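**Student:**
Residue numbers (the numbering used here): 1 to 153.
Below, the structure written as structure tokens:
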């Protein structure tokens, strides 16, 4: 890829990443429709891996499709752009292990802020699902990059 094109792609990627972070911030901290109200909240947390994932799956009929989708798939889907866009704007992250660690660290920061601000809850299952989403995003980036290189050289 030519230098000019790389620069334009990185700028576009940076703009998209910024917009993604804005949207993520809204949904994770301010969207009242997703239980993000701070009134009357107490500290809520889950430190047992797969506990909430199992609970949502076992009680999926009682909780409803929307709640299950938002919790399970939403946590994965919400971090796919993280893994896809970050290697475009910051080439040093172009390894799956780095994306895995960065996704985990970013998710840990989000979960900790949710705990401290009593918005949502600190959930180890969210860390797992968010990290998985970041890795899936990176794999999609990697596949697209391979295809691009095969087609354009």
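Using N, Cα and C, we set each Cβ at its ideal position, and we do this for glycine too.
Since the structure is predicted, the reported quantities are computational estimates derived from the model, not experimental observations.
1. Just reading off the alpha helix (DSSP H) that residue 164 is part of, what are its end residues?
2. Pick out whichever of 19, 49 and 63 has its Cα sitting closest to the Cα of residue 85.
3. By how many angstroms is the C-alpha of residue 67 removed from the C-alpha of residue 50?
4. I need the straight-line Cα distance from residue 148 to residue 88, nearest angstrom please.
5. Taking the Cβ atom as the reference point for each residue, do residue 127 and residue 107 lie within a distance shorter than 7 Å?
6. Would you list, in sequence order, the uninterrupted alpha helix (DSSP H) runs of no fewer than 4 residues that lie entirely inside the region 65 to 102?
7. Under 7 Å, do residue 99 and residue 134 count as touching if we go by C-beta distance?
8. Since residue 10 is in the alpha helix (DSSP H), which residue starts that stretch and which ends it?
9. Any idea if residue 145 is buried or exposed, counting beta-carbon neighbours within 10 angstroms, 16 or more meaning buried?
10. Nearest to residue 24 by CA position, among 130, 143, 138 and 150, is which residue?
11. Please report the Cβ distance between residue 82 and residue 103, rounded to the nearest whole angstrom; I am assuming they are in contact, meaning their Cβ atoms lie under 8 Å.
12. For the alpha helix (DSSP H) that contains residue 51, what are its first and last residues?
13. Figure out for me which residue from 141, 124, 140 and 153 has the closest Cα to the Cα of residue 46.
14. With C-beta atoms as the reference, is residue 80 less than 7 Å away from residue 120?
**Tutor:** Quick look at the numbers:
1. Here the chain comprises residues numbered 1 to 153, so residue 164 is not present and cannot be evaluated.
2. 19
3. 17 Å
4. 13 Å
5. yes
6. 65 to 68, 74 to 77 and 80 to 89
7. yes
8. 3 to 25
9. exposed
10. 130
11. 6 Å
12. 51 to 58
13. 124
14. no
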